[in-house]
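In the working numbering, the protein residues as written are 321 to 998.
I have placed the structure first, in the form of structure tokens, so that the comments after it can refer back to it.
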Amino acid sequence: MSELLFCGTEVLKGVGQSKAEKYKKLGITSVYGLICHFPKSYLDFHCNVPIRQAVMNEYNCLKLKIKSKSKPQSVRSKLVICKAIATDGVDDIEIVMYNNVYAFQYLKTGLEYYMYGKVTENFSGIAISSPTYIYANEKFFIQPLYKLTQGITVNMIRADIKQALSIMRNEPFETLSEDIRNRYNLAPLMWALENVHFSDSRSAIEYARRRLAFDELLRLELGLLIMRKRAKSKTAFKMDWRTNMNDFIESLPFELTDDQYRASLEIARDLCYDVPMNRLLQGDVGSGKTAVASIACCFVAKNGIQSALMAPTEILASQHYKTLCGFLEPFGIKVCLLTGSLTPKKKAILKSEIANGDYDVIVGTSAIIQKDVEYKSLGLVITDEQHRFGVAQRSSLAEKGGSPHKLVMSATPIPRTLALMIYGDLDISIIRQLPAGRKPIKTWAVTGRVRDRAFGFVRKQLDEGRQAYVVCPTIEDNENDWFAVKSYAENAVKGNLKGYNVALLHGRMSANEKESIMQKFRDGQIDVLICTTVVEVGVDVPNAVVMVIENAERFGLSQIHQLRGRVGRGQFESYCILITDNTSEDCINRMRIISSTNDGFEISEEDLKLRGPGDFFGNAQHGLPPMKITNLLCNVELMESAKQCAEEILNDDPTLSKPYNSSLRMEVIRLFDKDIIG
Ligand code: ADP
Ligand code: MG
321 MSELLFCGTE
331 VLKGVGQSKA
341 EKYKKLGITS
351 VYGLICHFPK
361 SYLDFHCNVP
371 IRQAVMNEYN
381 CLKLKIKSKS
391 KPQSVRSKLV
401 ICKAIATDGV
411 DDIEIVMYNN
421 VYAFQYLKTG
431 LEYYMYGKVT
441 ENFSGIAISS
451 PTYIYANEKF
461 FIQPLYKLTQ
471 GITVNMIRAD
481 IKQALSIMRN
491 EPFETLSEDI
501 RNRYNLAPLM
511 WALENVHFSD
521 SRSAIEYARR
531 RLAFDELLRL
541 ELGLLIMRKR
551 AKSKTAFKMD
561 WRTNMNDFIE
571 SLPFELTDDQ
581 YRASLEIARD
591 LCYDVPMNRL
601 LQGDVGSGKT
611 AVASIACCFV
621 AKNGIQSALM
631 APTEILASQH
641 YKTLCGFLEP
651 FGIKVCLLTG
661 SLTPKKKAIL
671 KSEIANGDYD
681 VIVGTSAIIQ
691 KDVEYKSLGL
701 VITDEQHRFG
711 VAQRSSLAEK
721 GGSPHKLVMS
731 ATPIPRTLAL
741 MIYGDLDISI
751 IRQLPAGRKP
761 IKTWAVTGRV
771 RDRAFGFVRK
781 QLDEGRQAYV
791 VCPTIEDNEN
801 DWFAVKSYAE
811 NAVKGNLKGY
821 NVALLHGRMS
831 ANEKESIMQK
841 FRDGQIDVLI
851 CTTVVEVGVD
861 VPNAVVMVIE
871 NAERFGLSQI
881 HQLRGRVGRG
891 QFESYCILIT
901 DNTSEDCINR
911 MRIISSTNDG
921 FEISEEDLKL
931 RGPGDFFGNA
941 QHGLPPMKIT
951 NLLCNVELME
961 SAKQCAEEIL
971 NDDPTLSKPY
981 NSSLRMEVIR
991 LFDKDIIG
């Protein structure tokens, strides 16, 4: 294979440093990376219609000949309008382009084009606005659409990809044997890469995408399987089924819901086998997953074994610590909190105590999985809000101290196929019921014009002794004009929240500062917390009943749902006020959905539909490597084939070290950015 493929894009003709920088913005760092910048969708100019058949106010594809062009007109300081008249041979249509003199100048009078754009009609005639176009004598009628960035046009990308492909064509390489390609009905790699970018046939594009998606899934499955095999090779701690739990369950300050009880039983049953448990506990925000975790920890402690509970943030870790202490210490079960912000001295002492077995339950952030933390006997590892941890992190935890049982808690309802993909062969317990007496959170979306009135409502709640959160998207003032917590708080204490105790909470504060603010908020010394999304996960203050979200358009549906879950945790009626001035269809849609339901499963499904899984499970969120081409939800069949194929390959070559697997091996390593292969 050509070395050039893995050089920076500057090696291409016509790509200088500044263009290479722009490509980097798109995540493209090499020539091969450019080839793997697959189209996000395609425009098919085959399906053009005469002007008379165009559907008004919709996007249509028309075949048009330019009759005349007028001069671009500057309308306002930042608006240039270009107009032309065109015909399909029968009727005329006006072409209108905004701020795109560049595209306009390429339209030539007398020539024919296929144009795709929104068609509208009024008394002055029919118009097509800001069309995408190709020459009618173009070789490819199907035009790929790429993710672009400022300064990179479709035509540039196409030209550069063409060049990149010709480099690869000189010395093509292939990652799958002919046998595998035949059995799984897959196109050769070189063919797939060419056709995904340049093709005039839908079926060829589909076949190309199938191959590329398969590759992506295969690499993922290979990586996951290799990790899983390593975890499975050891045996786990087997616990005693007759462990008495009734006293503990009766001591809890509430009665368990049926779902909590059933989930606890399922977990306890798993703990009594000598195969490591691998279970996902799914439950909407506020469904009471922590109580289930405490039961599991108690069960393990009563068997004389340690358990660890890992949370994604320090705030959450210390909250879990308090909850677990309250529940478990009356039973003589010792709980400790290990986070990154302890002084080195304290940490050292704590670590030796953990190694010594002085503590039964160790709560913390990812600090508890660092190499230097030793356990006496770690039998259970619980990870809260798991989707925030990376795959690599998870596997290092799984390897701590032999082979602990694993419980993953997540508030994101994940479709089953996707869950299997992410977590492997896991079992799932679901808590669907919310604890009795919970009232749905009343949610309104409003514009900034009624902000003052909204705060009137907030003050009324505060005056009744309740507390509130206000969430802003950023910390400091910024060019986007999004609300920033710092200036917001300054203004609020002079204005809408004058006379109330207001405090800031954001990710750039030290762990100690954050913790002390949270403690004051819990104790009721603070009325309103003005914060960023650091409060998103798990924070539990039942007296807080209002959640105001500024620039609500900045947040995804599932994220708003998580944020909203910070209120409505006690006996009081709770409210969520979403403030946004964004009037895009997408935003209005999302606000409508979130205001109309409190069901996390429903919301996440809608979110998936609106954003697609790539975005929904953004890389950081699901801990999986990014998927460029695979729609994880729609490719169940392909996913299963890839899994089967991965198993076959590993049966033959468990560490991918045979020469014919070298390029696969390279890709798996590249994907998991950790030396997962021994
Ligand atoms: P999440 O599933 O979001 O982690 P938590 O475990 O934080 O939810 O529980 C949310 C709140 O509900 C806590 O204040 C907890 O004490 C309370 N809670 C949990 N289980 C019950 C129950 N069965 N009945 C009443 N309240 C409960
Ligand atoms: Mg929680």
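Note that CB positions come from ideal geometry on N, CA and C, so glycine has one too.
P650 is classed as exposed because its beta carbon has fewer than 16 other beta carbons within 10 Å across all chains shown. Collapsing the DSSP output to three states places M417 in a strand.
The shortest CA-to-CA distance from L658 to any of G684, K665 and E957 is the one to G684. Between the ligand ADP and the CB of S571, the shortest heavy atom gap is not smaller than 6 angstroms. Under the rule that a run must span 4 or more residues, the alpha helix (DSSP H) segments found entirely inside the segment 763-838 read 771-783 and 805-814.
Between I415 and A404, the CB-CB gap stays under 7 angstroms. The C-beta of M547 has 16 or more other C-beta atoms within 10 Å across all chains shown, which makes the residue buried. Taken from the Cβ of R889, at least one heavy atom of the ligand ADP lies inside 6 angstroms. Using a cutoff of 6 angstroms, the CB of V605 counts as near the ligand ADP, since one of the ligand's heavy atoms is closer than that.
For the pair of segments examined, the segment 532-545 was found not to touch the segment 579-587: the number of CB pairs separated by less than 8 angstroms stays below three. In the structure shown, Y895 adopts extended strand secondary structure according to DSSP, grouped into three states. As computed with DSSP, D364 is found in a beta bridge with I462. Between R562 and the set F619, S749 and K978, the nearest pair of CA atoms involves F619.
Of the residues assessed, R990 falls on the exposed side of the cut-off, its CB having fewer than 16 other CB atoms within 10 angstroms. With the rule of 3 Cβ pairs closer than 8 angstroms, the segment 383-400 does not count as touching the segment 323-335. For the beta strand (DSSP E) assignment, the uninterrupted runs of no fewer than 3 residues enclosed by the segment 567-626 are, from N- to C-terminal side, 598-603. By the neighbour-count definition (other C-beta atoms within 10 Å, threshold 16), S924 is a buried residue. Between S322 and E491, the C-beta spacing is below 7 angstroms. At least one heavy atom of the ligand ADP falls within 6 angstroms of the beta-carbon of T577. Its Cα nearest to that of E873, the residue V791 stands out among N863, G445 and V791. In the three-state reduction of the DSSP assignment, A340 falls in the helix class, which pools H, G and I. Here DSSP, grouped into helix, strand and coil, assigns D747 to strand. In this structure, I897 is the residue among F892, I897 and K387 with its C-alpha nearest to the C-alpha of R773.
Counting C-beta pairs closer than 8 angstroms gives fewer than three between the segment 627-646 and the segment 781-801, which falls short of the contact rule.
At least one heavy atom of the ligand MG lies less than 6 angstroms from the C-beta of K609. In the three-state DSSP reduction, P650 falls in the helix class (H, G or I). Going by beta carbons, A611 and Q580 fall inside the 7 angstroms limit. Nearest C-alpha to Y679 among L698, K665 and M986: L698. If one requires a minimum length of 4 residues, the alpha helix (DSSP H) runs lying completely within the segment 460-542 are 474-490, 498-503 and 509-517, in chain order. Judged by their CB atoms, L877 and D927 are nearer to each other than the 7 angstroms cut-off. Only residues of its own chain outside the window of five on either side were considered, and among them K622 have a CB closer than 8 angstroms to the CB of N564, listed in chain order. Around S449, the same chain offers V416, G437 and K438 as residues with beta carbons nearer than 6 angstroms, after the five sequence neighbours per side are excluded. Residue side-chain check: F574 places its Cβ nearer than 6 angstroms to a non-hydrogen atom of the ligand ADP. Residue L700 holds the alpha-carbon nearest to the alpha-carbon of Y593 among L700, K339, I446 and R828. Setting aside the 5 residues that flank it on each side, I355 is surrounded in the same chain by I481, A484, L485, M488 and L513, each with a C-beta closer than 7 angstroms to its C-beta; the list follows chain order.
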